[in-house]
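First residue of the sequence shown: 91, per the working numbering; consecutive thereafter.
For each residue, glycine too, the CB sits at the ideal point set by N, CA and C.
Since the model is a prediction, treat every value here as computed from it, not as a measurement.
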Amino acid sequence: MNDKQLTFIRELNQIEYDCHVMLNQEYAALLDDSISEKQLITLNQLEKKGRMLTGELATLLNITPSAVSQMLNKLEKKQFIRRFINSDNRREIFVELAQGGIDYLNLNRQIELSIIKRFYAKLPWEDLQHLKRIMLQFKAIIIKEQSIDHLPDD
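Shown next, in the form of C-alpha coordinates:
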(Lines of atoms letter the chains of each structure in order from A and count residues from 1; the text may use other names and numbers.)
(Lines give C-alpha, C1' and ligand atoms only; values in the text may rest on other atoms or scores of the structure.)
Protein backbone atom coordinates (compact mmCIF):
# COMPACT_ATOMS: atom_id res chain seq x y z
CA MET A 1 0.00 0.00 0.00
CA ASN A 2 1.43 3.37 -0.97
CA ASP A 3 1.35 6.61 1.06
CA LYS A 4 -1.53 8.07 -0.95
CA GLN A 5 -3.71 5.01 -0.28
CA LEU A 6 -2.73 4.98 3.38
CA THR A 7 -3.67 8.66 3.74
CA PHE A 8 -6.99 8.03 2.00
CA ILE A 9 -7.87 5.13 4.31
CA ARG A 10 -6.93 7.18 7.38
CA GLU A 11 -9.26 9.93 6.14
CA LEU A 12 -11.99 7.34 5.63
CA ASN A 13 -11.47 6.03 9.17
CA GLN A 14 -11.61 9.59 10.53
CA ILE A 15 -14.87 10.30 8.69
CA GLU A 16 -16.40 7.12 10.11
CA TYR A 17 -15.16 8.04 13.60
CA ASP A 18 -16.51 11.61 13.31
CA CYS A 19 -19.95 10.32 12.28
CA HIS A 20 -19.95 7.89 15.19
CA VAL A 21 -19.01 10.67 17.65
CA MET A 22 -21.69 13.04 16.32
CA LEU A 23 -24.39 10.39 16.61
CA ASN A 24 -23.20 9.38 20.08
CA GLN A 25 -23.30 13.00 21.25
CA GLU A 26 -26.81 13.48 19.93
CA TYR A 27 -28.25 10.29 21.39
CA ALA A 28 -26.05 9.88 24.49
CA ALA A 29 -28.61 11.39 26.84
CA LEU A 30 -31.08 8.65 25.93
CA LEU A 31 -28.76 5.72 26.58
CA ASP A 32 -26.94 4.42 29.62
CA ASP A 33 -23.36 5.30 28.70
CA SER A 34 -21.99 3.02 31.39
CA ILE A 35 -22.83 -0.05 29.27
CA SER A 36 -19.65 -1.52 27.81
CA GLU A 37 -19.39 -3.09 24.38
CA LYS A 38 -19.16 -6.58 25.91
CA GLN A 39 -22.24 -5.88 28.03
CA LEU A 40 -24.17 -4.77 24.95
CA ILE A 41 -23.03 -7.89 23.05
CA THR A 42 -24.23 -9.95 26.02
CA LEU A 43 -27.66 -8.29 26.02
CA ASN A 44 -28.00 -8.79 22.26
CA GLN A 45 -26.99 -12.46 22.49
CA LEU A 46 -29.43 -13.07 25.33
CA GLU A 47 -32.19 -11.48 23.29
CA LYS A 48 -31.31 -13.68 20.31
CA LYS A 49 -30.89 -16.97 22.21
CA GLY A 50 -33.28 -16.50 25.11
CA ARG A 51 -30.90 -17.68 27.79
CA MET A 52 -27.29 -18.77 27.98
CA LEU A 53 -24.92 -20.42 30.39
CA THR A 54 -22.25 -18.23 31.94
CA GLY A 55 -19.62 -20.50 30.37
CA GLU A 56 -21.10 -19.89 26.91
CA LEU A 57 -20.82 -16.15 27.49
CA ALA A 58 -17.19 -16.49 28.56
CA THR A 59 -16.40 -18.39 25.35
CA LEU A 60 -18.36 -15.98 23.16
CA LEU A 61 -16.72 -12.89 24.65
CA ASN A 62 -13.29 -14.54 24.94
CA ILE A 63 -13.01 -13.62 28.62
CA THR A 64 -12.55 -15.59 31.82
CA PRO A 65 -15.49 -16.94 33.84
CA SER A 66 -14.48 -14.51 36.60
CA ALA A 67 -14.68 -11.55 34.19
CA VAL A 68 -18.11 -12.78 33.02
CA SER A 69 -19.27 -12.93 36.62
CA GLN A 70 -18.10 -9.36 37.28
CA MET A 71 -19.78 -8.12 34.10
CA LEU A 72 -23.02 -9.93 34.97
CA ASN A 73 -22.96 -8.43 38.48
CA LYS A 74 -23.05 -4.96 36.92
CA LEU A 75 -25.87 -5.89 34.53
CA GLU A 76 -27.80 -7.52 37.36
CA LYS A 77 -27.49 -4.36 39.51
CA LYS A 78 -29.07 -2.40 36.66
CA GLN A 79 -31.78 -5.10 36.46
CA PHE A 80 -30.82 -5.82 32.82
CA ILE A 81 -30.33 -9.56 33.41
CA ARG A 82 -31.22 -12.27 35.89
CA ARG A 83 -29.32 -15.41 36.77
CA PHE A 84 -30.65 -18.73 37.94
CA ILE A 85 -29.22 -22.17 38.64
CA ASN A 86 -29.73 -24.93 36.07
CA SER A 87 -32.02 -27.44 37.79
CA ASP A 88 -30.43 -30.30 35.78
CA ASN A 89 -26.87 -29.36 36.75
CA ARG A 90 -26.59 -27.18 39.84
CA ARG A 91 -23.03 -26.14 38.92
CA GLU A 92 -24.31 -24.31 35.84
CA ILE A 93 -25.84 -20.86 35.92
CA PHE A 94 -28.23 -19.60 33.27
CA VAL A 95 -28.52 -15.94 32.36
CA GLU A 96 -31.50 -14.31 30.67
CA LEU A 97 -32.74 -10.80 29.96
CA ALA A 98 -34.70 -9.05 32.66
CA GLN A 99 -37.21 -6.29 31.88
CA GLY A 100 -34.54 -3.59 32.20
CA GLY A 101 -32.46 -5.28 29.50
CA ILE A 102 -35.49 -5.67 27.24
CA ASP A 103 -36.32 -1.98 27.71
CA TYR A 104 -32.71 -0.96 26.99
CA LEU A 105 -32.61 -2.97 23.74
CA ASN A 106 -35.99 -1.54 22.69
CA LEU A 107 -34.63 1.98 23.25
CA ASN A 108 -31.58 1.07 21.15
CA ARG A 109 -33.91 0.01 18.33
CA GLN A 110 -35.86 3.27 18.58
CA ILE A 111 -32.62 5.24 18.33
CA GLU A 112 -31.48 3.13 15.37
CA LEU A 113 -34.79 3.81 13.62
CA SER A 114 -34.41 7.54 14.27
CA ILE A 115 -30.89 7.47 12.76
CA ILE A 116 -32.18 5.57 9.73
CA LYS A 117 -35.05 8.00 9.15
CA ARG A 118 -33.08 11.19 9.80
CA PHE A 119 -29.79 10.37 8.12
CA TYR A 120 -29.60 7.17 6.06
CA ALA A 121 -32.92 7.90 4.35
CA LYS A 122 -31.37 11.02 2.84
CA LEU A 123 -28.83 8.95 0.88
CA PRO A 124 -29.74 7.57 -2.54
CA TRP A 125 -30.86 3.91 -2.41
CA GLU A 126 -28.10 2.90 -4.84
CA ASP A 127 -25.46 4.42 -2.54
CA LEU A 128 -26.84 2.50 0.42
CA GLN A 129 -26.74 -0.73 -1.58
CA HIS A 130 -23.16 0.00 -2.63
CA LEU A 131 -22.18 0.78 0.98
CA LYS A 132 -23.68 -2.55 2.06
CA ARG A 133 -21.70 -4.43 -0.61
CA ILE A 134 -18.48 -2.72 0.46
CA MET A 135 -19.09 -3.43 4.16
CA LEU A 136 -19.87 -7.09 3.42
CA GLN A 137 -16.62 -7.37 1.46
CA PHE A 138 -14.73 -5.72 4.32
CA LYS A 139 -16.35 -8.07 6.85
CA ALA A 140 -15.41 -11.11 4.72
CA ILE A 141 -11.79 -9.93 4.58
CA ILE A 142 -11.69 -9.51 8.36
CA ILE A 143 -13.19 -12.98 8.91
CA LYS A 144 -10.71 -14.55 6.50
CA GLU A 145 -7.70 -12.76 8.00
CA GLN A 146 -8.75 -13.60 11.55
CA SER A 147 -9.11 -17.27 10.67
CA ILE A 148 -5.61 -17.23 9.13
CA ASP A 149 -4.22 -15.59 12.28
CA HIS A 150 -5.71 -18.37 14.42
CA LEU A 151 -4.31 -21.32 12.46
CA PRO A 152 -2.12 -23.64 14.56
CA ASP A 153 1.62 -23.32 14.05
CA ASP A 154 3.33 -26.13 12.16
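- Comparing C-alpha distances from Lys-167 to each of Gln-219, Gln-129 and Glu-182 shows the shortest one belongs to Gln-129.
- Around the beta carbon of Met-161, 16 or more other beta carbons sit within 10 angstroms, so the residue counts as buried.
- Closest in C-alpha terms to Ile-183, from the list Ile-171, Gly-191 and Ile-192, comes Ile-171.
- Here Asn-134 has Leu-195 as same chain residues with Cβ atoms under 8 Å from its own Cβ, once five neighbours each way along the sequence are excluded.
- Look at Arg-141 here: in three-state DSSP terms it is strand.
- In this structure Leu-187 is buried. Its beta-carbon is surrounded by 16 or more other beta-carbon atoms within 10 angstroms.
- Ranked by Cα distance from Asn-198, the first of Asn-176, Asn-92 and Asn-114 is Asn-114.
- Take the alpha-carbon of Arg-181 and the one of Ile-232: they are about 37 Å apart.
- Here Ser-159 is actually not in contact with Thr-149; their C-beta atoms are around 14 Å apart, not less than 8 Å.
- Per DSSP, reduced to three states, the secondary structure at Phe-174 is strand.
- Here Glu-182 carries a coil assignment [DSSP, helix/strand/coil].
- Around the beta carbon of Val-111, fewer than 16 other beta carbons lie within 10 angstroms, which makes this residue exposed.
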